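Taken in order, the sequence shown gives residues -14 to 162; the numbers are from the working numbering.
All C-beta atoms in this analysis are idealised placements derived from N, C-alpha and C, irrespective of residue type, glycine included.
Remember, predicted model here, so these are calculated numbers, not experimental data.
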Amino acid sequence: MTSSCAAALNCLYNIEHRILKESEFKIVYSEQIQRLFEKNYAEPIKEEDEIRDRAWYLAHFAVQNPHKPGKYRIVFDAAGTTGGTSFDDQLYEEPDLLRPLNGILFRFREKRIAVFTAIEEMYLRVKIQAEDQFALMFLWLDGDWSKPPKKYKMTSLIFGTNCSPFLSYSVRDKNAI
């Protein structure tokens, strides 16, 4: 994979520019990143860690649901290209495990009572093997905007890669009771 650090750094500076203009955005964005660390979905890269040749820096940005003002979700950009390729280009796109909606709707009407569930933070609950975590690195300024950014790696699956739905659904199905 080609180096993607420059693209991730450029995206981080765009975030910094917005953070300096909007104090509320700074608070919300920083809290979202901090939550990744608190829940062990991400961790800092230590100086003694050897960054492998399969390393990839992911740019990240915030998206907002128009129906939920003030609520942002951090998205890692696996489709962003660097040197003519993206992180998604390097992944095998697995088959779609989602069931067709029309079949679900027909079965939904068969019985008097319907039960459904939602798994909160489903993708983030799937852990990535340690040797693959360096393919999910990102940069963050860690609250001190005067210092150079620090390197972090995701320890969990991210929303946005082309294989995330397959991996999360296959883990769910394997562990279903």
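Rounded distance between the beta-carbons of Cys(-4) and Phe46, thought under 8 Å: Confirmed, about 6 Å.
Val100 (DSSP reduced to helix, strand or coil): Residue state, collapsed to three classes: coil.
Separation of Phe93 from Trp130, as counted between CA atoms: Answer to the nearest angstrom: the Cα atoms are 52 Å apart.
Distance cut-off 7 Å: Asn50 Cβ against heavy atoms of the ligand GTP: The ligand GTP is not part of this structure, which contains no ligands at all.
For Phe123, the three-state DSSP class (helix, strand or coil): In this structure, DSSP gives Phe123 an extended state, which the three-state scheme calls strand.
C-alpha distance - Thr(-13) paired with Gly68, whole-angstrom precision: In this prediction, Thr(-13) scores a pLDDT of 48, lower than 50, which makes its location untrustworthy; no coordinate-derived value is stated.
Counterpart residues of Thr182 in DSSP-defined beta bridges: Residue coverage of the chain in this structure runs from -14 to 162, which leaves residue 182 outside it and unanswerable.
Endpoints, the alpha helix (DSSP H) within which Glu78 is located: Neither: Glu78 is in no alpha helix (DSSP H) and is coded neither H nor E.
Cα-Cα separation between Leu142 and Tyr57, rounded to whole angstroms: A direct Cα-Cα distance of roughly 19 Å separates Leu142 from Tyr57.
Secondary structure of Asp62, DSSP reduced to three states: Reduced to three states, the DSSP call for Asp62 is strand.
Backbone secondary structure at Met(-14) - three-state DSSP: Caution is warranted here: a pLDDT of 38 is assigned to Met(-14), below 50, making its placement in the model unreliable, and the coordinate value is therefore given only provisionally. DSSP, read as helix, strand or coil, puts Met(-14) in coil.
Helix, strand or coil at Lys11 according to DSSP, with G and I counted as helix: DSSP, read as helix, strand or coil, puts Lys11 in helix.
For Asp127 and Ile98, the rounded distance between their alpha carbons: Whole-angstrom Cα-Cα distance: 48 Å.
Residues near Trp41 in its chain [Cβ-Cβ closer than 6 Å; skip 5 each side]: Met(-14), Ser(-11), Phe72, Ala120.
Nearest-angstrom beta carbon gap, Lys138 and Ala27 [assumed within contact, 8 Å]: Indeed, because the Cβ distance is near 7 Å, the residues count as touching under 8 Å.
Where Tyr26 sits in the DSSP three-state scheme: Coil at Tyr26, not helix or strand.
Cut-off 7 Å between Cβ atoms - residues of its own chain near Gln17, not counting five sequence neighbours on either side: Counting only Cβ-Cβ distances below 7 Å, and skipping sequence neighbours, we find Tyr57, Ile59.
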